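A quick write-up on the structure given underneath.
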Amino acid sequence: MLTSCSGGKEKVLLDNFPQDIHKAQIEIVSSLSGNQSITSEGSVLNARATVQERELSRAYLVELLTQLSIEPNEQHYRQKNSNPLVDILVGPFKGTNIYGILPATLQTDQYIILGAHYDTARHCPGANDNASSIALLYGVAKRLSELKTRKYNILIVFFDQEEEELIGSKAFVRYIRKKKYTIHSAHTFDQIGWDKDKDRAIELELPSIELEEVYKVQGIRRGIPIYTTKVNSTDHQSFRDIGINAVGITEEYVNKDTSPFKDTPKDTFETINFQYLESTTNLVYEVIKTIVSKNIKDE
Ligand SMILES: [Zn+2]
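Quick note on numbering: the sequence shown equals residues 14 to 312 in this note's numbering.
As structure tokens, this is what we get:
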């Protein structure tokens, strides 16, 4: 129920935002950040940093994709530790990315990747970093799935181990290269739940000219300021490293309007601005809709 999972505080719905997605986004952030139990048996997460916590999170993400009628897949990987001594003592990194494909409605072998990491720093509930982006992806995917026409396949991916030097997204990039997927663009999301000054601004990290343009057009249309930065320290970097057209989307770091609770036990459900999350969900949906609809004449 809306009131119980919002801690008694009423969350205000953005005008015209779909009610079902509003409720789902609250539930997603609440479940992943330990504000409510994540399983029917009553398990509650403290963080998503240990093997067990990440496993519980994955089971939930698999269920989310299933709810969207997208078949969930697991990509398991191992990665040697760059420090040989650590590698001998604790062994290689092991992790699992979760992904699913919303197929194009037209014949194509091209993919748009929409991704967000699901792990957190230790002892951090990670409501903003990065349950907020998982909720965003759910909302965007739900609305894209309702489109009559999609020119590209849309691959939704939840990365493991971003907090361990982007190991999860790097492993995913190797995987898609092996599968020889042709990628139109990769959009990765990291922290989209804080907007103290209420201007709804977002930042684009290292967008190509083409991607910057499509985001800015939608920003202008909605009165949303869009800043561009050269920050490369999150998952989009893994894609750019092999020449994929990639962009990172985050909250307004340039004007310091970003959560002060990053990587701390205070990154909790109560701090999330759901109106901002909804505003950004709408914006990203319109951006991807524009890309997948481009040059298609309506009947
Ligand atoms: Zn993050």
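Each residue gets a CB set at the ideal place from its N, CA and C atoms; glycine is no exception. Keep in mind the model is a prediction, meaning the values are calculated, not measured.
Can residue i be considered in contact with ligand 1, in the sense that its beta carbon sits closer than 7 Å to one or more heavy atoms?
i: Q204; result: yes
i: D100; result: no
i: E175; result: yes
i: T247; result: yes
i: H197; result: no
i: N258; result: no
i: H130; result: yes
i: N318; result: The question about residue 318 has no answer here: the residues shown for the chain are numbered 14 through 312.
Check residue i in the structure and name its three-state DSSP category.
i: L58; result: coil
i: V260; result: strand
i: R135; result: coil
i: R163; result: coil
i: V170; result: strand
i: T284; result: helix
i: L115; result: strand
i: K229; result: helix
i: A214; result: coil
i: L15; result: Interpretation of L15 is limited by its pLDDT of 37, a score under 50 that renders its predicted location unreliable; no figure is taken from the coordinates.
i: G236; result: coil
i: E175; result: coil
i: F274; result: coil
i: N245; result: coil
i: N83; result: Note on residue identity: the sequence assigns Ile, not Asn, to residue 83. I83: coil per DSSP, three-state reduction.
i: I205; result: coil
i: D311; result: In this prediction, D311 scores a pLDDT of 42, lower than 50, which makes its location untrustworthy; the coordinate-derived value is nonetheless stated afterwards. Of the three classes helix, strand and coil, the one that applies to D311 here is coil, per DSSP.
i: Y90; result: strand
i: Q120; result: coil
Measure the alpha-carbon distance for residue i versus residue j and round it to whole angstroms.
i: E87; j: R71; result: 9 Å
i: H130; j: S44; result: 16 Å
i: V42; j: H35; result: 11 Å
i: I205; j: H89; result: 27 Å
i: E218; j: P105; result: 30 Å
i: T16; j: I237; result: Only weak support is given to the placement of T16: the predicted model assigns it a pLDDT of 36, under 50, and the question is left unresolved by the model.
i: D122; j: I196; result: 9 Å
i: D212; j: I239; result: 10 Å
i: R61; j: V305; result: 33 Å
i: T281; j: F287; result: 13 Å
i: D276; j: T133; result: 7 Å
i: P31; j: L160; result: 15 Å
i: G232; j: L102; result: 49 Å
i: S198; j: Q250; result: 13 Å
i: T293; j: S145; result: 11 Å
i: R190; j: Q174; result: 19 Å
i: E54; j: E225; result: 45 Å
i: K229; j: P97; result: 45 Å
i: I222; j: T242; result: 13 Å
i: E68; j: P278; result: 20 Å
i: F202; j: S95; result: 26 Å
i: N29; j: A259; result: 30 Å
i: T52; j: N295; result: 29 Å
Short of 6 Å in beta carbon distance, which residues of its chain neighbour residue i, apart from the five on each side in sequence? Order them along the chain.
i: E23; result: Caution is warranted here: a pLDDT of 49 is assigned to E23, below 50, making its placement in the model unreliable, and the coordinate value is therefore given only provisionally. Closer than 6 Å at the Cβ level, and outside the excluded window around E23, lies no residue.
i: I83; result: G113, L115
i: Q234; result: Residue identity check: residue 234 is Arg in the sequence provided, not Gln. So the list is empty, once near-sequence residues are dropped.
i: Y194; result: Y124
Between residue i and the rest of its own chain, which residues show a CB-CB distance below 8 Å, the 5 nearest in sequence each way excluded?
i: L50; result: A small correction: the amino acid at residue 50 is Ser; Leu does not occupy that position in the sequence shown. So the list reads S44, S56, V57, once near-sequence residues are dropped.
i: L74; result: P85, I111, Y131, I147, F171
i: I301; result: I125, L127, V153, L157, I167, H200
i: N59; result: G47, E66, H136, P138
i: L77; result: I41, I147, Y151
i: D210; result: E265, N268, D270
Are any of the Cβ atoms in chain C nearer than 8 Å to that of residue i?
i: Y124; result: Any reference to chain C falls outside this structure, which holds one protein chain only.
Assuming the contact rule is C-beta atoms closer than 8 Å, residue i and residue j should be a hit. Round their C-beta distance to whole Å, please.
i: E216; j: E283; result: Actually they are not in contact, since the Cβ atoms of E216 and E283 sit about 24 Å apart, beyond 8 Å.
i: Q92; j: A184; result: 6 Å
i: L290; j: L179; result: Incorrect: roughly 24 Å between the Cβ atoms, too far for contact.
i: T303; j: V227; result: 6 Å
i: G256; j: T247; result: So it is not a contact: roughly 18 Å between Cβ atoms.
i: F252; j: V297; result: The Cβ separation is near 17 Å, so there is no contact.
Excluding the 5 residues preceding and the 5 following residue i in the sequence, name in chain order all residues of the same chain whose CB lies nearer than 7 Å to its CB.
i: A117; result: R163, K164, Y165, N166
i: A140; result: V42, S46, G206, D280, T281, F282, T284, I285
i: E177; result: F106
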